[in-house]
Structures are given as structure tokens and as C-alpha cells.
Amino acid sequence: MKKEMFIVSFCYRGLLGGEIIADDQAITYKTGKLTIPAEYRNLEMRYTDIAYVYADKAAFLPAVSVHMKNGSNYKFVFFFGRKKFFELMKSQGIAVNS
């Protein structure tokens with residue numbers, strides 16, 4: 016699979032711009048923002064660790080929540096490409112509720 020990139024905002028004490036890079040093993044949220052903890056600046060979510068993803072809202076904006084098998088939950092606002100992201104997740108065998 017070629018790498019796919021999605022422009023997103025991570026919902027963590029506000030909206031923090033960045034991108035999600037999808038490859039064969041994982042999706043990774045990347046940002047250069049220094050206002051968030053280091054653990055979120057390069058947040059790798061391996062497909063094998065994702066329980067499911069679902070359509071959500073952040074205020075009035077279209078968002079996607081990624082629920083991990085360990086109970087962690089991450090919300091991202093997608094300005095474009097949400098449907099493509101859901102298709103990618105389905106192709107990796109991840110349950111999607113869109």
C-alpha cells in the first residue's frame with residue numbers, strides 16, 4: 016500500500032492541526048505543535064491495536080473517533096477525506112460505524 020495522508024485536527028484541549036499518515040502497519044498522527052505532550056506529537060496507532068472507528072462530531076465539525084483495544088480513544092476532525100479514511104480502515108479489517 017502506498018502511504019496516504021489526511022489533513023486533520025486532533026481534539027486535545029482544542030483543535031491541534033496536523034496530519035494522519037497511513038501505511039501498511041499503522042496510522043500515525045503527526046504535528047509540530049509544542050503545546051501538547053510529546054506522546055501525542057507522533058501518535059502511532061497500529062491497525063492490530065485499533066478496535067473500531069466511528070463517525071463523530073467535534074462541536075459542529077465532522078470528526079472520526081479511533082477507539083483502541085486498550086480503551087484509549089482519539090478524536091480527529093477531518094476537513095476532507097473522511098469517507099476515504101473509512102474505506103482504508105475497512106480494507107485493514109477494522110470495524111467502521113459511519
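Numbered per the working numbering, the sequence shown spans residues 16 to 113. Just so it is clear, CB atoms sit at the ideal spot from N, CA and C, and this is done for glycine as well.
Residues near residue i by beta carbon distance below 7 Å, same chain, minus five either side
{"i": "Y27", "result": "I51 and Y55"}
Best match in the options for proximity to residue i [C-alpha to C-alpha]
{"i": "M20", "options": "T46, L30 and G29", "result": "T46"}
{"i": "F100", "options": "A78, T63 and N57", "result": "A78"}
{"i": "I42", "options": "Y62, K84 and A74", "result": "Y62"}
{"i": "D39", "options": "Y69, M104 and G86", "result": "M104"}
{"i": "E34", "options": "N112, S113, N57 and E102", "result": "N57"}
{"i": "A73", "options": "D64, K18 and V92", "result": "V92"}
Residue i versus residue j - alpha carbon distance
{"i": "R97", "j": "A110", "result": "15 Å"}
{"i": "Y44", "j": "A53", "result": "12 Å"}
{"i": "H82", "j": "G108", "result": "14 Å"}
{"i": "S106", "j": "A37", "result": "12 Å"}
{"i": "D71", "j": "K17", "result": "27 Å"}
Terminal residues of the beta strand (DSSP E) in which residue i lies
{"i": "F91", "result": "N88 to F93"}
{"i": "Y44", "result": "A41 to K45"}
{"i": "Y69", "result": "I65 to A73"}
Residues near residue i by beta carbon distance below 6 Å, same chain, minus five either side
{"i": "G32", "result": "S24"}
{"i": "Y69", "result": "S80 and N112"}
Below-7 Å beta-carbon distance, residue i vs any chain C residue
{"i": "D71", "result": "Protein chain content of the structure displayed is limited to a single chain, and chain C is not contained in it."}
Cβ-based neighbour list, residue i, same chain, cut-off 8 Å, excluding 5 preceding and 5 following
{"i": "M60", "result": "A41, I42, T43, Y44, V81, M83 and Y89"}
For residue i, three-class secondary structure by DSSP
{"i": "M104", "result": "helix"}
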